[in-house]
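Structure first, then comments.
Numbering (the numbering used here), first residue to last: 264 to 744.
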């Protein structure tokens, strides 16, 4: 046990999270000193080697060793193209994402395509052609069919992204018709991520008639919250237009209504109490994500004063404490709070699912294997996903995935990021990935990221442990579906 994180629930209960195994142990101070190798005085040695402590120590080590044997984990091996190829053909191609256009009819203040995020592209008039889209589909399905042979339950998924993809609605209909005509045997699914302003009657009618077409709409909360950031170019808020479109769908297309979901963002200016009240009390589609506006490699947060930041943090932790107490006592929690606070707690609870036999990296984090899904831009270049900037292409629609490029990229990430994570006590539950650290052709790890992530994970481990002590079946009951 070389990598562990110490945390304390109260003055009497000391715990460690062991990064190597993923296990959480309740221990005493003398055992912690043994594990830490801290033998600084004769009195401490006498205490450590007292018969009771030695029996406790031996018992702990046996329990630790036996438990670790049940956790299948392999260390790093040399990267090979064959390994990457086999992974993609067996487990990859979960989704093809189209960058339909680089245009957008909104100018959201926190958009990653604004000048607040220098490593990402800006808005432009570029539009994907149907010819590029067809080649992307055929290439994706070439790989997908290999995956399908390995797992016949897999379904191809096609996602429309932008910019604002509904600016090119006619192109989307052509893509859908092409997929259904040529590949309907594989039971395709469709998704679109939209700002919701262009959900006209024509668009809604079309989407409603397509089987398994899901719509993700950005909505940050009530009007005053949403319109603070999600605005048109003339700084007019977009809430009214989106809300009216939603009400129209609810009234006229109840089947489609079930296929809608909402995505919310927050920053230091968000009133999380008002946002929670809105999503809890207004009849809306299901909220599936509440995420913080990206702070890394961005000037966005310079708009907030230190007082605004501190006020938000105080409110956030007060709300989180209330949320934890509600869970401990078995009280109902809101969907907004579950996503705001509970997502990270559930990830920690479910951490062994992610302690997989990942032999590609020095230390496992939240990083995927390129090819798990593919993102095709307007010019036909293939990227790892929709979140990473455009400096890390892994192929194109004409020649396919470049496995040599993927190999170099993985080695680069390993060398520039993961080799520095060896002594980190939370590297296996970190969640950082290519998109997190991507700059201009380099992967960089801001020190503030690691400090913040270790601190927040420590707090989450405390909260998780308290929940499991007071309400041990909570996560199993809540997320069993």
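Backbone N, C-alpha and C define an ideal beta-carbon position, used for all residues, glycine too.
Check: Nearest-angstrom Cα separation, counted from residue 429 out to residue 580; Outcome: 38 Å
Check: Complete alpha helix (DSSP H) runs within the segment 371-419 (minimum length 4 residues, chain order); Outcome: 393-413
Check: Meets three-Cβ-pair contact criterion under 8 Å: the segment 426-442 and the segment 383-393; Outcome: yes
Check: Terminal residues of the alpha helix (DSSP H) in which residue 644 lies; Outcome: Per DSSP, residue 644 belongs to no alpha helix (DSSP H); it is in the beta strand (DSSP E), 644-646.
Check: Contacting residues, own chain, Cβ-Cβ under 8 Å from residue 352 (five flanking each side not counted); Outcome: 406, 409, 410 and 413
Check: Start-to-end residues for the alpha helix (DSSP H) that takes in residue 670; Outcome: 666-679
Check: For residue 280, the residue or residues it bridges with in DSSP; Outcome: 268 and 287
Check: Separation of residue 609 from residue 345, as counted between CA atoms; Outcome: 34 Å
Check: Where residue 600 falls, given that 16 or more other Cβ within 10 Å makes a residue buried; Outcome: buried
Check: N- and C-terminal bounds of the alpha helix (DSSP H) containing residue 632; Outcome: Here residue 632 belongs to no alpha helix (DSSP H), and DSSP marks it neither H nor E.
Check: The segment 371-388 / the segment 661-677 touching (three or more Cβ pairs under 8 Å); Outcome: no
Check: Residue 449 and residue 418 closer than 9 Å at C-beta; Outcome: yes
Check: Residue 211, buried or exposed, once every other Cβ within 10 Å from all chains shown has been counted against 16; Outcome: With the chain covering only 264 through 744, there is no way to say anything about residue 211.
Check: Assigned exposure category for residue 557 - 16 Cβ within 10 Å defines buried; Outcome: buried
Check: Given 8 Å, three or more beta-carbon pairs between the segment 454-474 and the segment 484-492; Outcome: no
Check: Ranges of the alpha helix (DSSP H) found wholly within the segment 414-454, counting only runs of at least 4; Outcome: 432-446
Check: Same chain only: Cβ atoms within 6 Å of residue 270, ignoring 5 sequence neighbours per side; Outcome: 278, 721, 724 and 725
Check: Close Cβ partners of residue 709 (< 7 Å) along its chain, the five nearest in sequence each way excluded; Outcome: 559
Check: Per DSSP, cross-strand counterpart(s) of residue 479; Outcome: 456 and 524
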